[in-house]
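Quick note: the sequence shown, position 196, residue 177 per the numbering used here, numbers continuous. C-beta: ideal position from N, C-alpha, C; glycine also. In this text the structure is predicted, and so the values were computed from the model without any measurement.
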Amino acid sequence: AGKTTAMRMLSGLSLPTSGTAMVAGFDVYKENEKIKRNIGYMSQKFSLYEDLTVEENIQFYGGIYGLKGPAMKTRKAWAMETAGLLDHGKSLTRILSTGWKQRLALACAILHEPPIIFLDEPTSGLDLKACFQYLELVRSLMHGGKTVLLVTHHVHEIPPEIVRVVLLKGGRIVADGPKHKVLNETALRDVFEVGLHLVERNGFYQVLPARD
-18 AGKTTAMRML SGLSLPTSGT AMVAGFDVYK ENEKIKRNIG YMSQKFSLYE
32 DLTVEENIQF YGGIYGLKGP AMKTRKAWAM ETAGLLDHGK SLTRILSTGW
82 KQRLALACAI LHEPPIIFLD EPTSGLDLKA CFQYLELVRS LMHGGKTVLL
132 VTHHVHEIPP EIVRVVLLKG GRIVADGPKH KVLNETALRD VFEVGLHLVE
182 RNGFYQVLPA RD
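So, in structure tokens, the structure goes:
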């Protein structure tokens, strides 16, 4: 669809072949390095170091962002608390579940307190409970004044705080606007209602089509 490619261009990691774009007031062609300093980017694949602990990963990324001394200590504590990682600081990253790795990746992305956060399919591989918890974390960041660009192929995951939804197909915008508008424009015209009922057999329940 072009979602990840679009995000890479907006984050300064790939140059567009045409068109114009501004992120945080900076041009994606001429000022992509300045863009990188003003965003937090969580990629589709983990960029974590499996043999480091949670705290060591955060410490490492803090060094990349130029944090040190009291500033590093303060920002690390804030990122770990925000991501709910305070009880997992000494855990090796490789033993974490996918959900906790997602939280760690987010902590690393927001460590330098960027005004804009790019999340590329952050709930991929999560179960429903972990997905809900993660999205609540994202919502809390938005309520704290952060701008979030969320890439997902699950429309139901889009938080109500997201004011603009863009649907891509083959690299082109096919719908654009508030969530309810995009859903109305892309909804199937034919809706079928299927009735089901539960049948208990030997202590187990089986779902069958309704008899009527």
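Item: Cβ-Cβ separation, Ala88 to Ala64 (assumed contact under 8 Å), whole Å; Value: 4 Å
Item: Assumed close pair Lys127, Val146 - CB separation to whole angstroms, cut-off 8 Å; Value: Not quite, the Cβ-Cβ distance comes to about 18 Å (not below 8 Å), so this is no contact.
Item: Residue-chain proximity (Ala5, chain D), Cβ-Cβ < 8 Å; Value: As a matter of chain content, chain D is missing from the structure shown, which is built from one protein chain.
Item: Segment limits, alpha helix (DSSP H) that includes Thr79; Value: 79 to 91
Item: Per DSSP, cross-strand counterpart(s) of Tyr30; Value: In the DSSP output, where bridge partners are listed per residue, Tyr30 has none listed.
Item: DSSP three-state assignment for Ala156, whether helix, strand or coil; Value: strand
Item: Check whether Leu92 and Tyr30 have beta carbons under 8 Å apart; Value: no
Item: Three-state secondary structure (DSSP) of Arg145; Value: coil
Item: Buried versus exposed, by CB contacts within 10 Å (16 or more), Tyr219; Value: Residue coverage of the chain in this structure runs from -18 to 193, which leaves residue 219 outside it and unanswerable.
Item: Gln83 classed as buried or exposed, judged by whether at least 16 other C-beta atoms fall within 10 angstroms; Value: buried
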